[in-house]
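Asks:
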Amino acid sequence: MPEARISSFEQWRALTGRLVRTMVTKGELVVAVITPLVFTLGFYLPLRYVMQVRGIDYAQFVMPIIVLQTMSFTMMSNAQIAAFEAVTGLHSRLQTMPIGPMVPLTARICAGLVRSVTSLVAALIFGYMIGFRFSAGIGQAALFCVFSLAVGTVLAIGADGLGSLTRSPESLSQALTLPTLILGMLSCGFVPESGFPAWIRPFARNQPISQFSFAMRDMAAGGVTWDVLWVPLVWLIGLAAAFVPLAVWASARRV
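The opening residue of the sequence shown carries number 1 in our numbering; numbering runs sequentially from there.
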């Protein structure tokens with residue numbers, strides 16, 4: 001018999017395929033399509049006439065925060081998958097097998113990326129239905145999509161690390177939901193900075209969700225400039241620098 005060879009790529013493919021099949025059979029990809037529809041209707045319809053009076057094309061204005069909120073659900077999904085594997089003992093079982101230490105983590109992140117892509121495509125379709133358009137060319141449209149997926153992936157990595165450390169998937173989901181909602185509502189993604197009281201405007205303007213939405217709004221409109229893009233990039237790199245080591249340590253540690 002030929003000697004068996006261990007292939008990290010084949011291990012990654014098998015684990016990723018397992019997670020994607022689970023998402024399909026459990027209807028998670030259907031939820032990934034429905035979620036941006038709920039956000040589009042819930043965010044756009046209540047404020048469109050108010051913003052129209054102020055001369056704001058609200059479909060164009062609100063689309064970045066719809067996409068970002070959609071990406072946050074991928075983050076929560078990754079957290080729950082990692083927590084479930086930790087609680088059920090699958091995480092410990094994989095560590096006793098000849099599997100690369102980073103294979104389970106990369107498989108979960110790649111499966112989450114499949115969900116993110118599905119949600120992003122759905123969000124853009126629903127966005128076009130309410131009047132959102134990419135007017136800065138295909139390059140800026142591609143940058144919009146890549147940047148959105150990068151934000152979603154970085155958040156998913158951090159959530160995966162927390163999920164690997166927790167013993168309660170339900171509690172973790174609740175803990176992640178609250179800051180996501182607070183940062184979203186206290187951002188310039190739903191209303192302009194002038195819509196906030198003066199005392200909270202510096203926070204609303206400079207927090208990461210607002211900075212991400214500023215850059216994405218420009219990508220969809222006239223094209224983003226470096227003066228606008230460098231701040232959200234710093235936020236994204238900083239979050240990645242904090243989340244990646246956490247996720248790697250949590251995934252590789254022996255329980």
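Note that CB positions come from ideal geometry on N, CA and C, so glycine has one too.
Owing to the predicted nature of the structure, the values given are computational and were not obtained by experimental measurement.
Shorter than 8 Å from the beta carbon of Leu229 to some beta carbon of chain C?
Replies: The structure shown contains no chain C, having only a single protein chain.
Asks: Inspect the beta-carbon positions of Ala59 and Phe134 and report whether they are closer than 8 Å.
Replies: Taking the sequence shown and counting its residues from 1, one reaches residue 59 at position 59. Taking the sequence shown and counting its residues from 1, one reaches residue 134 at position 134. No, Cβ-Cβ distance for Ala59 and Phe134 is not below 8 Å.
Asks: What first and last residue would you give for the alpha helix (DSSP H) that runs through Thr166?
Replies: In the sequence shown, the residue the question calls residue 166 occupies position 166. Neither: Thr166 is in no alpha helix (DSSP H) and is coded neither H nor E.
Asks: Contact defined as beta carbons within less than 8 Å: I believe Leu229 pairs with Ala215. What is the distance between those atoms, to the nearest angstrom?
Replies: Here residue 229 refers to the residue found at position 229 of the sequence shown. Here residue 215 refers to the residue found at position 215 of the sequence shown. About 5 Å; that satisfies the 8 Å criterion.
Asks: Say whether the stretch 109-127 touches the stretch 196-213, bearing in mind that this needs 3 or more beta-carbon pairs closer than 8 Å, one atom from each stretch.
Replies: These segments do not touch.
Asks: Could you tell me whether the Cβ atoms of Leu68 and Ile237 are closer together than 8 Å?
Replies: Position 68 of the sequence shown holds residue 68. Position 237 of the sequence shown holds residue 237. No, these two residues do not count as a Cβ contact at 8 Å.
Asks: State the DSSP-derived secondary structure class of Arg133, mapped to helix, strand or coil.
Replies: Taking the sequence shown and counting its residues from 1, one reaches residue 133 at position 133. Reduced to three states, the DSSP call for Arg133 is coil.
Asks: Among Val231, Pro245, Thr74, Ala247, which residue has its Cα nearest to the Cα of Leu257?
Replies: The structure shown has nothing for residue 257, since the chain only spans 1 to 255.
Asks: State buried or exposed for Met185, treating a residue as buried only when at least 16 other CB atoms are found within 10 Å of its CB.
Replies: Within the sequence shown, numbered from 1, the residue matching residue 185 stands at position 185. So Met185 counts as exposed.
Asks: For Asn257, count the other beta carbons within 10 Å of its own beta carbon; 16 or more makes it buried, fewer makes it exposed. Which is it?
Replies: Only positions 1 to 255 of the chain appear in this structure, which leaves residue 257 out of reach.
Asks: Relative to the C-alpha of Thr106, which residue among Phe243, Trp235, Thr16 is closest?
Replies: Here residue 106 refers to the residue found at position 106 of the sequence shown. Checked all of Phe243, Trp235, Thr16; the closest Cα to Thr106 is Thr16.
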